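Asks: Protein chains in written order, with my numbering: chain A, 600 to 771; chain B, -8 to 658. All residues carry an ideal CB built from backbone N, CA and C; glycine is no exception. Keep in mind the model is a prediction, meaning the values are calculated, not measured. After the structure tokens below, expect a handful of questions from me.
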Amino acid sequence: MRFKLPFAIFIVLAILLAVGLRRDPKLLPSALIDKPAPAIDLPLLHDPQQRLKVEGLRGQVWLLNVWASWCAPCRDELPVLMELAGKDGVVLYGLNYKDKSDAARTWLQRWGNPYRGSAVDSDGRVGIDYGVYGVPETFVIDGTGRIRYKHAGPISADIWRERLLPVVRSLQ
Amino acid sequence: MIPEIGVFSLVLALLVAVVQGSLPLAGAHWGVAGWIRLARPAAFGQFIFAAIALACLAWSFLDNDFSVLYVASNSHADLPAAYRFAAVWGGHEGSMLLWLCLLSAWTVAVALFSRQLPEAYVARVLAVMGWLSVGFLLFLLFLSNPFTRLMPPALQGRDLNPLLQDPGMVVHPPVLYMGYVGFSVAFAFAIAALLSGELNAAWARWSRPWTVAAWVFLTLGILMGSAWAYYVLGWGGWWFWDPVENASFMPWLVGTALIHSLAVTEQRGAFRSWTVLLAICTFSLSLLGTFLVRSGVLTSVHAFAVDPGRGLFILAFMVAVVGGSLLLFGWRAPRIGLGGRFGLLSRESLLLSNNVVLTVAAMSVLIGTLYPLALDVLSGQKISVGPPYFEAVFVPIMVPAIFLMGVGPIARWKHAPLPELARRLRWALAASCVAALLLPFTLPAGQRGWPAMSTFALLLAAWAVASAVAHAWQRLRGAPGGWLERARRQPSGWYGMLFAHAGIGVFIFGATMANSFESRQELRLNLGEQVALAGFEFRFEGIAPASGPNYDAQRATVQVTRHGQAVATLHPEKRVYRAQQMPLSQAAIDVGLTRDLFVALGEPAGDAAWTMRLHVKPFMAWIWAGCLLMAFGGLLAATDRRYRLGMAARKTRAIGATAALRPQEGA
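Here is the structure:
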């Protein structure tokens, strides 16, 4: 019997790995889920006189998409955001993370601008409050100003349909 | 055309591998000599086709063939040729191909250097390795084909990850994989022995040099990966207990246990089933490492592209290989029987305890690595296990291992009386205590004073070296013909053991000093400003634009002086790689015998000021030196001449007689 023990242990391990394989590794831990969204008070990219504030968006469900002109995957998700956010009527704001505003404006001009507005977080301070792990990341914030969902990595059409949109609809 | 040749040779390699896996195995079982003889030519054929495939991929990279998807995703026309070549293993598909090529290279090496072994046994070994190749070839052809075309072709490649554009990355993956894959030889020898039912001292003798050779490669591979993390990631650390690092460390720990266990099985015929189990476990952990890195099941800075299909395949393959061999073990092991008997205190018992300690250490790493996954699967919680866990659990487990390492070589086989051990080791113990107590007075204390734990670690380091010296001294002195004559007659395996054990001591010393007494400072420096750190003055002399073949950089000049005397001029860089616009901080390091000076550039802070991170790491180079000593020791042991000479004559010799004639050899 004791010689069969290694096999038994291995089978338990294999089952664990098999189940683990089915979960989404992109789903990074966020300590902020269901917590009030950290305050933002930042100038907007295209109109620095205006500022983006979390309190100002109370009462509606909105998405905060962290992006930067130096981030290659951000370009991959732009067409998806352009097409789907507009079509499904989702409120989308950007957080332009650790970027130069000139480069960021040129970039949006060139590839398209899906955002109602992008807050300029040039030193990444707000990004730190939000626990940004890598760019792009997308947060779903509900009408009471709480973070309800976080997606790390670029958004594809599938991810939009299967993950983000259902969360947004369930909150609306 | 070239990529199609690559695919075609992979298909041919698969067909040959199926033959290599099946007919020789059947031939060995039913005694068909013609089928047995097929094993060697099949191994050669498979290697040639695998090598052609690798050459085709390398050609596509050097030729900038961006119609190949893998090339387009991992290369760029501006990339220097050496990195275009290294980009062959810069991504998932290519590293799997490299894995396969190295596996077939090891197979050929076994085919070449096993002439003195029984034919049927070699046929079984090559067949087992053939089945491993079949698994990897199927994976390459169906799930991760590196030759997939991209239509229409890309005009320009996406570039190799800038982190991998480093000389260390050209050699690190092949060396590390040589280690991983090399354990497949020990595995195949064990499975072949289980299949034939002849698990004896001869089997252990045959596998020893192969196992040690793989261990040497793995040691060097881990060393290179760690050195790369130290100077490229620029975080100032050298080991992060990252899942991918753990994945290479676990086979190293169990492989170390295996080397020692094989020595006992060879010399005394003892713990045979345990040794077989270790051989299976070592290779299983290598496969697990591949699975963890390649399936993306763990979130890690290293993890590569995630594709559930691939993860599932590797898992299924692992279940077949590991599960199958453990079943075989469970079925055959009860018949192996016990080896020679030994006393409660003897070299066998000491080696067995060391084995258990190393295995437990590997299990603690495994638990730390997989615990976040288990917790996520069971409760949906997401946590990460970091260095505090590993330092709290792993380090104390290793303490007895280091202590036993000094005692083991001196103890006699079968029965080692305690008074004798104490007498032979008292000077080593006294010397290491004195060294550990005196060292703090001769070395500069760090920013946090001199913690007691560091003194204890220094005691262990000194013990590792002193016990090796004491052992050498006692074995060489008072011999007829003088000690030089006697030294010349000692087997190189014995010297290998001394070097490797002393290397552990050197490593512990370096790691303790570098971790406990590091001075570091993160600060803003104006142009021309000077700051003092650990007795050195760092002066920010200037910053200027610079450019490389495929990046633009800001290159700073930092002058380091000590009491006004120039020590070094460092040039840390902040690079932006053009193709991906990815910024990368290239730290500058001045390596010295007693300290490393490390400067990394942060961000510009105003007009003429930058944030910088400065480190002074005492005895950092000793970490690498310790690893190199271990690898050198392994090299000496693997090339011991007794493995090359007269094996055929010796393999029939009784186990006990071997041990009686050579009471002190090896281990």
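Whose Cβ in chain A lies nearer than 7 Å to the Cβ of Val313(B)?
Replies: Chain A residues near Val313(B): Phe609.
Asks: Cβ of Pro735(A) less than 8 Å from any chain B Cβ?
Replies: Closer than 8 Å: no.
Asks: Under 8 Å, with one C-beta from each stretch per pair, do the segment 637 to 645 of chain A and the segment 750 to 766 of chain A reach the 3-pair mark?
Replies: Judged by Cβ distances under 8 Å, the segment 637 to 645 of chain A makes no contact with the segment 750 to 766 of chain A, as fewer than three pairs qualify.
Asks: DSSP has Tyr634(B) in a bridge; who is on the other side?
Replies: According to DSSP, which records beta bridges pairwise, Tyr634(B) is partnered with nothing at all.
Asks: For the beta strand (DSSP E) containing Trp601(B), list its first residue and its last residue.
Replies: Run containing Trp601(B): Ala600 to Pro609, per the beta strand (DSSP E) assignment.
Asks: In the DSSP assignment, find the unbroken beta strand (DSSP E) run with Pro642(A) in it and report its ends.
Replies: Unbroken beta strand (DSSP E) run through Pro642(A): Asp640 to Pro642.
Asks: Per the DSSP calculation, Phe589(B) is bridged to which residue(s)?
Replies: DSSP lists Ile580(B) and His606(B) as partners of Phe589(B).
Asks: Would the segment 308 to 324 of chain B and the segment 386 to 398 of chain B be scored as touching if the rule is three or more Cβ pairs under 8 Å?
Replies: Flag = no, the segment 308 to 324 of chain B and the segment 386 to 398 of chain B do not touch.
Asks: On the DSSP letters alone, give me the boundaries of the alpha helix (DSSP H) that Phe208(B) sits inside.
Replies: Here the alpha helix (DSSP H) through Phe208(B) covers Ala192 to Trp219.
Asks: Quick check: what's the CA-CA separation for Glu257(B) versus Phe(-1)(B)?
Replies: Between Glu257(B) and Phe(-1)(B), the C-alpha separation is close to 44 Å.
Asks: Along the segment 53 to 64 of chain B, what residues have a CB closer than 7 Å to any CB found in chain A?
Replies: Here the close residues number zero.
Asks: Could you tell me whether the Cβ atoms of Ala419(B) and Trp454(B) are closer together than 8 Å?
Replies: Yes, Cβ-Cβ distance for Ala419(B) and Trp454(B) is below 8 Å.
Asks: Is the segment 112 to 129 of chain B close to the segment 28 to 36 of chain B, with three or more CB pairs under 8 Å?
Replies: A contact exists between the segment 112 to 129 of chain B and the segment 28 to 36 of chain B.
Asks: Helix, strand or coil, according to DSSP, for Ser239(B) in the structure here?
Replies: Helix, per DSSP.
Asks: At 4 residues or longer, what runs of the alpha helix (DSSP H) sit wholly inside the segment 451 to 523 of chain B?
Replies: Correct list: 473 to 480 and 483 to 507.
Asks: Buried or exposed: which applies to Gln147(B), given that a residue is buried once 16 or more other Cβ atoms fall within 10 Å of its Cβ?
Replies: Classification of Gln147(B): exposed, given that the 10 Å Cβ count is below 16.
Asks: According to DSSP, is Leu662(A) part of a helix, a strand, or is it coil?
Replies: Note: Leu662(A) maps to strand in three-state DSSP.
Asks: Note down the Cα distance separating Arg415(B) from Arg586(B), rounded to an integer number of angstroms.
Replies: Going from the Cα of Arg415(B) to the Cα of Arg586(B) covers about 35 Å.
Asks: Considering just the uninterrupted stretch of the alpha helix (DSSP H) at Ile401(B), what are its terminal residues?
Replies: That residue, Ile401(B), is in no alpha helix (DSSP H); it is neither H nor E in DSSP.
Asks: From Glu682(A) to Leu763(A), what distance separates their C-alpha atoms?
Replies: Between Glu682(A) and Leu763(A), the C-alpha separation is close to 14 Å.
Asks: What would DSSP say about Thr290(B), mapped onto helix, strand or coil?
Replies: Per-residue confidence for Thr290(B) stands at a pLDDT of 49, beneath the threshold of 50, marking its modelled position as unreliable; no derived number is given.
Asks: Check the Cβ-Cβ distances between Pro678(A) and every residue of chain B, and say whether any is below 8 Å.
Replies: Not closer than 8 Å to any Cβ of chain B, the Cβ of Pro678(A) fails to qualify, so no.
Asks: Would you mind giving the Cβ-Cβ distance between Leu631(A) and Tyr692(A), rounded to the nearest angstrom? I have them listed as a contact below 8 Å.
Replies: The pair is not a contact, with the Cβ atoms about 17 Å apart (cut-off 8 Å).
Asks: On the DSSP bridge assignment, give the partners of Met573(B) in chain order.
Replies: Note: Met573(B) sits in a beta bridge opposite Tyr568(B).
Asks: Secondary structure at Pro(-6)(B), three-state DSSP: helix, strand or coil?
Replies: Here Pro(-6)(B) sits in helix by DSSP.
Asks: Quick check: what's the CA-CA separation for Thr630(B) versus Met160(B)?
Replies: Their Cα atoms are separated by approximately 28 Å.
Asks: Measuring alpha carbon to alpha carbon, tell me which of Tyr171(B), Leu249(B), Trp613(B) and Glu110(B) ends up nearest Leu209(B).
Replies: That would be Tyr171(B), whose Cα lies nearest to the Cα of Leu209(B).
Asks: With a floor of 3 residues, list each beta strand (DSSP E) that falls wholly inside the segment 657 to 720 of chain A, ordered by position along the chain.
Replies: As far as the segment 657 to 720 of chain A is concerned, its whole beta strand (DSSP E) runs of at least 3 residues are 661 to 666, 690 to 696 and 716 to 720.
Asks: Closest Cβ-Cβ distance between Gly730(A) and chain B: below 8 Å?
Replies: Output row for Gly730(A): interface = no.
Asks: Can you round the beta-carbon distance between Thr602(B) and Arg468(B) to whole angstroms, since I take them to be within the 8 Å contact cut?
Replies: The pair is not a contact, with the Cβ atoms about 58 Å apart (cut-off 8 Å).
Asks: Evaluate the contact criterion for the segment 261 to 270 of chain B versus the segment 205 to 223 of chain B: three or more CB pairs, one atom per stretch, below 8 Å.
Replies: Contact fails: fewer than three Cβ-Cβ distances are below 8 Å.
Asks: CB Arg633(B) to CB Pro482(B), shorter than 8 Å?
Replies: Yes. Within cutoff.
Asks: Take Lys634(A) and list the residues in its own chain whose beta-carbon comes closer than 7 Å to its own, dropping the five residues that flank it on each side.
Replies: Taken in chain order, the residues that qualify are Arg745 and Ile746.
Asks: Since Val101(B) contacts Val176(B) with CB under 8 Å, what's their CB separation in whole angstroms?
Replies: Their Cβ separation, rounded to whole angstroms, is 6 Å, which keeps Val101(B) and Val176(B) in contact under 8 Å.
Asks: Does Ala613(A) come within less than 8 Å of chain B when only Cβ atoms are used?
Replies: Output row for Ala613(A): interface = yes.
Asks: Could you give the uninterrupted runs of the alpha helix (DSSP H) lying entirely in the segment 118 to 187 of chain B, keeping only those of 4 residues or more?
Replies: With a minimum length of 4 residues, the continuous alpha helix (DSSP H) runs that stay inside the segment 118 to 187 of chain B are 158 to 187.
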